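*Asks:* Numbering-wise (numbering that gives the first Met the number 0), the sequence shown opens with residue 0 and increments by one.
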Amino acid sequence: MAPVRTARLRSLAKLNLSLKVLNKRPDGFHDLRTVFQTISLADTIDLEFTPGRGRRVELESGLDIPNNLIVRAANLLMDELKIRGTVRFRLTKTIPMGAGLGGGSSNAAAVLLALPVLAGVRADLATLTKLGASLGSDVPFFLHGGTALGIGRGTELYPLPEMPASPALVVCPGIHVSTPEAYRALGRGLTDELKPGILNTLQAFIWREGGSAPAETWKLDNDFETVVFRQFPLLGAIKRRLLKAGARSALMTGSGSAVFGVFGSPGERDRALGSFRREEVFSVKLVSRGAYQALWRRQLGDHIGGKTWPPLSRYSK
Ligand code: C5P
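Laid out in structure tokens, this is it:
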């Protein structure tokens, strides 16, 4: 009997600390400048790999997620790296879907990072990035974690200085925002010139932070807020309530609908919790790249050899 290799993975959510949408592109996507940030809110994926001749991919989740990115990521990876065997996933979902928190993308990236390790094949970052980008614009970010600048479709990534592990609240009012519709509502054209000043808040954020500026001076900015708050005024109200409850800064993430607030201390955050009784609220902290990659090394445990990134399998020849 071939040995079964197992791992329990925490698949973290993200926030966009800044999101500027520039022009529309001929391929239908938009050019972005965004600052991604991993947070401690997470789904759990139990992964089981049994080497074998054929290929089987099974997902148990208790949820009906059409075209699930976990299964698509596994199939894509097994094709590309010629992995054979049976893969079983059990997904325990905590990250709300359609909220701009990147849960599905994070799940896909978790498969890309973990499956090669359990299957004993080498997968370099360039290959994983190519596969990730074909699954979704936010997937490549989760191959790195921490704080990163995303440009182009959001798939071209550069590390930014680490942010402190600031406490935050993520408020999810259960509104589903359609991402393609939110992009359409922005009305960006193919030939839009870069408007003067459009990137000033982003630049101010990046130059000021360096991980050290206090959160009340952060220049957080998300182009989607105008169009999405117009459609769902409740989201704008949540942002104002976060600020009133003591958040040093607050912003909608992605194309919504989750709105987050960053606090000066865990005590301030916990006191603010009482202002949100009707919505689903998550108490989280920002997760640095160092902490993200350390989490990955821990959760792959004995299956990895060495300290390289992405994690390298100890079973690969
Ligand atoms: O890549 P992802 O599946 O996240 O994209 C979902 C939709 O969001 C795309 O089909 C597109 O309409 C829009 N999008 C975009 N420009 C981006 C990312 C996403 O227009 N950079």
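Beta carbons are placed, not taken as given, at the ideal position from N, Cα and C, and that holds for glycine.
Every value quoted in this text rests on a predicted model; they were computed, and no experiment measured them.
Just to confirm, are S254 and A181 a CB contact at a threshold of 8 Å?
*Replies:* Walking along the sequence shown from the start, residue 254 turns up at place 255. Walking along the sequence shown from the start, residue 181 turns up at place 182. Yes.
*Asks:* Since A118 and G84 should fall inside the 8 Å C-beta cutoff, what is the C-beta to C-beta distance between them, to a whole number of angstroms?
*Replies:* Stepping through the sequence shown from its first residue, residue 118 is reached at position 119. Stepping through the sequence shown from its first residue, residue 84 is reached at position 85. Right, the Cβ-Cβ distance comes to about 7 Å (below 8 Å), so this counts as a contact.
*Asks:* Just confirm the distance between the C-beta atoms of F28 and V169, as a whole number of angstroms; I'd bet it's less than 8 Å.
*Replies:* For the purposes of this step, residue 28 is taken as the residue at position 29 of the sequence shown. For the purposes of this step, residue 169 is taken as the residue at position 170 of the sequence shown. Their Cβ separation, rounded to whole angstroms, is 26 Å, which puts F28 and V169 out of contact at 8 Å.
*Asks:* For S10, I'd like the list of residues in its chain whose CB is within less than 7 Å of its CB, leaving aside the five on either flank, ordered along the chain.
*Replies:* To locate residue 10, count along the sequence shown from 1; it is residue 11. Here the set comprises A41, D42, I44, S105, N106, A109.
*Asks:* On a CA-only basis, which of L62, S17, E47 is nearest L8? Give me that one, please.
*Replies:* Numbered from its first residue, the sequence shown carries residue 8 at position 9. Among L62, S17, E47, the Cα nearest to that of L8 is on E47.
*Asks:* Using the beta carbon as the reference atom, which residues fall closer than 6 Å to any heavy atom of the ligand C5P, ordered along the chain?
*Replies:* Cβ atoms closer than 6 Å to the ligand C5P belong to F28, H29, L31, G135, S136, D137, R152, G153, T178, P179, Y182.
*Asks:* Tell me the residue span of the beta strand (DSSP E) that contains L117.
*Replies:* Counted from its first residue, the sequence shown places residue 117 at position 118. It is not in any beta strand (DSSP E) - L117 instead sits in the alpha helix (DSSP H) that spans 102–118.
*Asks:* For the structure I just gave you, are there three or more beta carbon pairs, one from the segment 183–200 and one from the segment 53–64, closer than 8 Å?
*Replies:* With the cut-off at 8 Å, the segment 183–200 and the segment 53–64 do not touch.
*Asks:* Determine the burial state of P195: buried for a count of at least 16 other Cβ atoms within 10 Å of its Cβ, exposed for fewer.
*Replies:* Position 196 of the sequence shown, counted from the first residue, corresponds to residue 195. Label assigned to P195: exposed.
*Asks:* According to DSSP, is G173 part of a helix, a strand, or is it coil?
*Replies:* Along the sequence shown, read from residue 1 onward, the residue named residue 173 stands at position 174. Reduced to three states, the DSSP call for G173 is coil.
*Asks:* What beta strand (DSSP E) runs, 3 residues minimum, are completely inside the segment 67–101?
*Replies:* The qualifying runs are 84–91.
*Asks:* Compute the Euclidean distance between the alpha carbons of R152 and D30, then round it to the nearest angstrom.
*Replies:* Within the sequence shown, numbered from 1, the residue matching residue 152 stands at position 153. Within the sequence shown, numbered from 1, the residue matching residue 30 stands at position 31. R152 and D30: Cα-Cα distance of roughly 5 Å.
*Asks:* For R239 and I82, I'd like the C-alpha separation in whole angstroms.
*Replies:* Position 240 of the sequence shown, counted from the start, is the residue given in the question as residue 239. Position 83 of the sequence shown, counted from the start, is the residue given in the question as residue 82. Spanning the two alpha carbons is a distance of roughly 50 Å.
*Asks:* Would you mind sorting T225 into buried or exposed? The rule is 16 or more other CB atoms within 10 Å of its CB.
*Replies:* The sequence position of residue 225 within the sequence shown is 226, counting from 1. Classification of T225: exposed, given that the 10 Å Cβ count is below 16.
*Asks:* Extract the residue ranges of the beta strand (DSSP E) inside the segment 266–303, only unbroken runs of 3 or more that lie entirely within it.
*Replies:* Here the runs fully enclosed are 279–286.
*Asks:* Is the distance from the Cβ of G402 to the Cβ of F223 below 8 Å?
*Replies:* Absent from the model: residue 402. The displayed extent of the chain is 0 to 316, so no value can be given.
*Asks:* Tell me the rounded alpha-carbon separation between T178 and L234.
*Replies:* Here residue 178 is taken as the residue at index 179 of the sequence shown, counted from 1. Here residue 234 is taken as the residue at index 235 of the sequence shown, counted from 1. Roughly 16 Å between the two C-alpha positions.
*Asks:* If you count every other CB in all the chains shown that lies within 10 Å of the CB of Q202, and 16 or more means buried, which is it?
*Replies:* Indexing the sequence shown from 1 puts residue 202 at position 203. By the neighbour-count rule (16 or more Cβ atoms within 10 Å), Q202 is not buried but exposed.
*Asks:* Within this structure, are the beta carbons of G144 and Q292 separated by less than 8 Å?
*Replies:* As a working mapping, residue 144 is identified with position 145 in the sequence shown. As a working mapping, residue 292 is identified with position 293 in the sequence shown. Cβ distance < 8 Å, so G144 and Q292 count as in contact.
*Asks:* Who are the Cβ neighbours of E79 in its own chain at under 8 Å, not counting the five residues just before and after it?
*Replies:* Position 80 of the sequence shown, counting from 1, holds the residue named residue 79. Around E79: T126, L130.
*Asks:* Taking C-alpha atoms, which residue in A257, L242, S274, M251 lies nearest to G263?
*Replies:* In the sequence shown, residue 263 corresponds to position 264, counting from 1. Cα-wise, what sits closest to G263 is L242.
*Asks:* Please tell me whether S287 and E155 are closer than 8 Å, where the distance is taken between their beta carbons.
*Replies:* Taking the first residue of the sequence shown as 1, we reach residue 287 at position 288. Taking the first residue of the sequence shown as 1, we reach residue 155 at position 156. No, they are not a contact pair.
*Asks:* Run through DSSP, which three-state label would L192 get?
*Replies:* As a working note, residue 192 is residue 193 in the sequence shown. In the sequence under discussion, the amino acid at residue 192 is Glu, which differs from the Leu named in the question. E192 falls in the coil class under three-state DSSP.
*Asks:* Would you identify the three-state DSSP class for Y182, choosing helix, strand or coil?
*Replies:* The count along the sequence shown starts at 1 and reaches residue 182 at position 183. Three-state result, Y182: helix.
*Asks:* Go to S17, then tell me how far its beta strand (DSSP E) extends in each direction, as first and last residue.
*Replies:* Along the sequence shown, one-based indexing puts residue 17 at 18. Element bounds for S17: 4–23.
*Asks:* Run through DSSP, which three-state label would T154 get?
*Replies:* In the sequence shown, counting from the first residue as 1, residue 154 sits at position 155. If DSSP states are grouped into helix, strand and coil, T154 belongs with coil.
*Asks:* Under 8 Å, do G245 and R270 count as touching if we go by C-beta distance?
*Replies:* Residue mapping note: residue 245 aligns to position 246 of the sequence shown, counting from 1. Residue mapping note: residue 270 aligns to position 271 of the sequence shown, counting from 1. Yes, the pair counts as a contact, with Cβ atoms nearer than the cut-off.
*Asks:* Do you know whose CA, among S315, W295, I64, lies nearest A6's CA?
*Replies:* Position 7 of the sequence shown, counted from the first residue, corresponds to residue 6. Comparing Cα-Cα distances from A6 to each of S315, W295, I64, the minimum goes to W295.
*Asks:* Alpha carbon to alpha carbon, how far is G304 from F259?
*Replies:* Along the sequence shown, one-based indexing puts residue 304 at 305. Along the sequence shown, one-based indexing puts residue 259 at 260. Going by the C-alpha atoms only, they are around 37 Å apart.
*Asks:* So, helix, strand or coil for F223, using DSSP?
*Replies:* Against the sequence shown, residue 223 aligns to sequence position 224. Three-state result, F223: helix.
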